[in-house]
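Taking the numbering used here, the leading residue of the sequence shown gets 5, the next gets one more, and so forth.
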Amino acid sequence: MESKDLIKAGRLTEAREQLVTEVKSAPGDTGKRTLLFQVFALLGQWEKASRHLEAIVSQDPSRQEGVMVFQNMVRAEQERDDVFAMKKIPAFMPDAPHYFESHYGAYEKLVAGQLEEADTLFASIKDEKPLLTGELNGEPFVGFTDTDTLLAPFLEAFIHDRYVWIPLSAIRELRITEPTSLTDLLWISAAVTTWDGLTANCFLPVLYPGSSSHEDDRIRLGRMTDWKSLGGSYARGVGQHVYQVGEEDRAILELREVTFAYTGAPSGSSQSENEDVP
């Protein structure tokens, strides 16, 4: 079976093994090497993925500009891993909302198994997060949040080689392209316009953090979503991002155009540890 067919069949480990053998046999085949990069990316093996990108440019310098886009994706993914390992605070665009410190602290309580303390913190900021309304693909909605507890009020984005969180309440319009390639199952091109008038062309990570280490290839390929309970009603997502839009769950690759009604721009945080994107 061809390696592409193995990927389509959801057999990533077999595809990786076959592609490694094929690239060793024909190291100058940039097509096979590109496919191997994509498989390593789906498996979250960023160092190996990066090495194959470097090899592609070495073999075909004309592809440097295109390869740079994916090198930026890999760097942003590595920064994302650090954020979810709680080694660093995420960067924000435009600013961290004033409730971020309490929201993040509540999540830390959940991870530590302190459910009651987390409940108290989440309850203290419940009224500070506006109820978002607007239209999704032309249909009105009341309520828009990520189904992952930590990411609930935020949109993850890769801007150049940086990983950032964008408060959903700061977004005026979100446009997401239709997926057409294998890499679109990892990073989908989008444009975000904020209430401040800033428009950023970016990529959105399609999969939740940690999805690449899941044992189910359907999760790794974003063909399904699952949630790990953190206690109570709180959960961490794996697989494709899913948003609760009104009373419905909508996967990120179903979204094309989201326009939000104005609720009042969130005030920024004055925390020195919260880093803004330059």
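Where is the CB? At the ideal position from N, CA and C, for every residue including glycine.
Is Q63 buried or exposed, if buried means 16 or more other CB atoms sit within 10 Å of its CB? Along the sequence shown, one-based indexing puts residue 63 at 59. Classification of Q63: exposed, given that the 10 Å Cβ count is below 16.
Own chain residues within Cβ distance below 6 Å of D200, not counting five before or after: Here residue 200 refers to the residue found at position 196 of the sequence shown. Excluding the 5 residues flanking it on each side, D200 has same chain C-beta neighbours closer than 6 Å at P98, in chain order.
Using three-state DSSP, classify G214 as helix, strand or coil. What you label residue 214 is simply residue 210 of the sequence shown in a count that begins at 1. G214: coil per DSSP, three-state reduction.
Separation of Y266 from P144, as counted between CA atoms: Locating residue 144 in the sequence shown gives position 140, counting from the first residue. Locating residue 266 in the sequence shown gives position 262, counting from the first residue. Cα to Cα, P144 sits roughly 14 Å from Y266.
Which residues bound the alpha helix (DSSP H) around W50? To locate residue 50, count along the sequence shown from 1; it is residue 46. Residues W50 to Q63.
Report the residue from A95, L189 and T17 whose alpha carbon sits nearest the alpha carbon of A80. Position 76 of the sequence shown, counting from 1, holds the residue named residue 80. The residue among A95, L189 and T17 with its C-alpha nearest the C-alpha of A80 is A95.
Given this structure, state the Cα-to-Cα distance separating T151 from P65, to the nearest angstrom. Residue 151 sits at position 147 when you count from the first residue of the sequence shown. Residue 65 sits at position 61 when you count from the first residue of the sequence shown. For T151 and P65, the distance between alpha carbons rounds to 42 Å.
Please determine, among L16, D9, A174 and M5, the residue with the shortest C-alpha to C-alpha distance to D220. Taking the first residue of the sequence shown as position 1, residue 220 is located at position 216. Of the candidates L16, D9, A174 and M5, the one whose C-alpha sits nearest the C-alpha of D220 is L16.
Alpha carbon of G48 to alpha carbon of Q42, nearest angstrom: Position 44 of the sequence shown, counted from the first residue, corresponds to residue 48. Position 38 of the sequence shown, counted from the first residue, corresponds to residue 42. Straight-line spacing of the CA atoms in G48 and Q42 works out to 10 Å.
In this structure, how does DSSP classify L23 when only helix, strand and coil are distinguished? Stepping through the sequence shown from its first residue, residue 23 is reached at position 19. DSSP places L23 in helix when its eight states are reduced to three.
Would you decide whether V146 is buried or exposed? Buried here means 16 or more other CB atoms lie within 10 Å of its CB. Indexing the sequence shown from 1 puts residue 146 at position 142. In the assembly as shown, V146 is an exposed residue. Its beta-carbon has fewer than 16 other beta-carbons within 10 Å.
Excluding five sequence neighbours on each side, which residues of the same chain lie with their C-beta closer than 8 Å to the C-beta of V24? The residue given as residue 24 occupies position 20 in the sequence shown. These residues qualify, in order along the chain: L40.
Excluding the 5 residues flanking L259 on each side, which residues of the same chain have their C-beta closer than 8 Å to its C-beta? Taking the sequence shown and counting its residues from 1, the one referred to as residue 259 is at position 255. Hits under 8 Å: L140, N141, L178, I180 and Y247.
Close Cβ partners of R67 (< 7 Å) along its chain, the five nearest in sequence each way excluded: Against the sequence shown, residue 67 aligns to sequence position 63. Result list for R67: I60 and V61, in chain order.
Collapsed DSSP secondary structure at S271 in the structure displayed: Residue mapping note: residue 271 aligns to position 267 of the sequence shown, counting from 1. Confidence at S271 is low in this model, with a pLDDT of 43, below 50, so the placement of that residue should be treated as unreliable; the coordinate-derived value is given next. It is coil, neither helix nor strand.
For A80, name the three-state secondary structure that DSSP assigns. Walking along the sequence shown from the start, residue 80 turns up at place 76. It is helical.
Measure the beta-carbon distance from F148 to L172 and round it to whole angstroms, keeping in mind my assumption that it falls under 8 Å. The residue you call residue 148 lines up with position 144 of the sequence shown. The residue you call residue 172 lines up with position 168 of the sequence shown. Their Cβ separation, rounded to whole angstroms, is 6 Å, which keeps F148 and L172 in contact under 8 Å.
Residue closest to S216, alpha-carbon to alpha-carbon, out of L234, Q244 and S193: Here the question's residue 216 lines up with position 212 in the sequence shown. Minimum Cα distance to S216 is reached at Q244.
DSSP state of A116, grouped into three classes? Taking the first residue of the sequence shown as position 1, residue 116 is located at position 112. Note: A116 maps to coil in three-state DSSP.
Under three-state DSSP, which class holds R260? In the sequence shown, the residue the question calls residue 260 occupies position 256. Correct three-state label for R260: coil.
Opening and closing residue of the alpha helix (DSSP H) in which L39 lies: Working through the sequence shown from its first residue, we reach residue 39 at position 35. Its alpha helix (DSSP H) spans residues T34 to L46.
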